[in-house]
Amino acid sequence: MVRAEKIGVVTVTYNSGDIIDDFMASILSQTHNNFVLYIVDNASTDTTLDKLSGYKDERIVILPNKLNVGVAAGNNQGIRASLDNNCEYVLLINNDTVFNNELLHSLLSGLKKYQCDMTVPKIMYYDDPKRIWFAGGYFSKLKFYYNVHVGFNQVDSGQYDNVTNIEYAPTCCMLIKSTVFDKIDLMDEKYFVYFDDVDFCYRAKKHRLIMKLLPELSLYHKVSSSTGGQYTDFSIKYGNRNRVYFICKNIPVLKNVVVLYMILSLTKQFVINGYSASQFALSIKSILEGYRMLTADK
26 MVRAEKIGVV
36 TVTYNSGDII
46 DDFMASILSQ
56 THNNFVLYIV
66 DNASTDTTLD
76 KLSGYKDERI
86 VILPNKLNVG
96 VAAGNNQGIR
106 ASLDNNCEYV
116 LLINNDTVFN
126 NELLHSLLSG
136 LKKYQCDMTV
146 PKIMYYDDPK
156 RIWFAGGYFS
166 KLKFYYNVHV
176 GFNQVDSGQY
186 DNVTNIEYAP
196 TCCMLIKSTV
206 FDKIDLMDEK
216 YFVYFDDVDF
226 CYRAKKHRLI
236 MKLLPELSLY
246 HKVSSSTGGQ
256 YTDFSIKYGN
266 RNRVYFICKN
276 IPVLKNVVVL
286 YMILSLTKQF
296 VINGYSASQF
306 ALSIKSILEG
316 YRMLTADK
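Numbering (the working numbering), first residue to last: 26 to 323.
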């Protein structure tokens, strides 16, 4: 009998008590059962760890942190544990997701069939399961290499049902050959959260690695359940800061143009669209912080 390849499943929790049970029900029901689930907890203060302690399954490994080290560093902890355990593949996945019991099997089968380095499913809104959150991704030169979600907010009528090569995908759910990390390294922990996956995919693109969208697979995402939404101070800070850091690090020739473009766009939002003064000030501060990040440690 052929042994099923071992997958290291990595998820990072932070006050995930309200959502973790749905995720655990999905992952523990997988037909591909040769996996180790590495749950990296970023110092949750709610019921997350209490709930996780109730799951008695030898495939579960909980890696608790004393501080919130961020998503990028948390993912790296799980990736390193997977590699140390000789996992042939690593699945990075959010725990604010639900999915059917064939997800691991299908992602792995697609990776082998298409001889690629990474596979991802179509991602739908959990609260509106016919509406697309992600059906492919690319870096838009017209938007200064901003990462674009193909099909975002569209009703799914089969318009993105072809298997395609893609440049970008969120690490909301991404199966990765372990050898990829030898080629492009792990997540850049300076991001903390947001754009760590963008940076990872851009490095993969530069190394001509192949990522495939497998649209016959659907995963349902409880969007922004862990960070509170798009316009919280947290999201404004890290979204703006990390956008600038990504450009300064990867496409430095554009850094001044992108900073000017972002400041002008924010000014328009402030003057015309009712962006609050505090949000505007935080955005500008975060942009400047991102601009300085590359030299901060030197």
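Just so it is clear, CB atoms sit at the ideal spot from N, CA and C, and this is done for glycine as well.
DSSP three-state label for residue i, please.
i, result
"THR38", "strand"
"GLY253", "Legend: pLDDT at GLY253 = 48, less than 50; position of this residue unreliable, no value from coordinates given."
"ARG105", "helix"
"SER165", "strand"
"HIS174", "strand"
"PHE48", "helix"
"CYS226", "helix"
"TYR286", "helix"
"GLY299", "coil"
"MET26", "Its pLDDT being 45, under 50, MET26 is placed unreliably in this model, and the value from its coordinates should be taken loosely. In this structure, MET26 counts as coil in the three-state DSSP scheme."
"GLY183", "coil"
"PHE60", "strand"
"ASN67", "strand"
"ARG233", "coil"
"THR73", "helix"
"THR320", "helix"
"VAL278", "helix"
"THR196", "coil"
"GLY99", "helix"
"VAL94", "coil"
Does the distance from the C-beta atom of residue i to that of residue j stay below 7 Å?
i, j, result
"TYR151", "TYR256", "no"
"ILE312", "ASN267", "no"
"THR189", "ASN120", "no"
"ILE209", "ARG233", "no"
"THR56", "HIS174", "no"
"VAL35", "LEU117", "yes"
"VAL61", "GLY103", "no"
"SER260", "LEU108", "no"
"ILE276", "TYR171", "no"
Between which two residues does the alpha helix (DSSP H) carrying residue i extend?
i, result
"TYR204", "In the sequence under discussion, the amino acid at residue 204 is Thr, which differs from the Tyr named in the question. THR204 -> alpha helix (DSSP H) spans 204-209."
"LYS137", "128-138"
Going by alpha carbons, who is nearest to residue i out of the options?
i, options, result
"GLY161", "PHE206, PRO277, THR196, ALA306", "THR196"
"PRO89", "ASP75, GLU83, ASP82", "ASP75"
"LYS137", "LYS237, ILE261, VAL278", "LYS237"
"ARG317", "GLN294, LEU289, ASN281", "ASN281"
"VAL218", "ILE52, ASN100, PRO154", "ASN100"
"CYS198", "LYS81, MET143, ASN40, TYR300", "MET143"
"VAL94", "VAL278, CYS226, MET212, ILE235", "MET212"
"CYS112", "LEU279, ILE235, PHE206", "PHE206"
"LYS168", "ALA50, LEU279, SER41, ALA302", "LEU279"
"ARG84", "ALA68, ALA97, ASN58", "ASN58"
"ALA106", "LYS31, ALA68, PHE124", "LYS31"
From the DSSP secondary-structure annotation, give me the bridge partner or partners of residue i.
i, result
"SER243", "LYS147"
"ILE201", "VAL115, MET143"
Terminal residues of the continuous beta strand (DSSP E) containing residue i?
i, result
"ILE85", "85-90"
"ILE118", "114-118"
"ASN190", "189-191"
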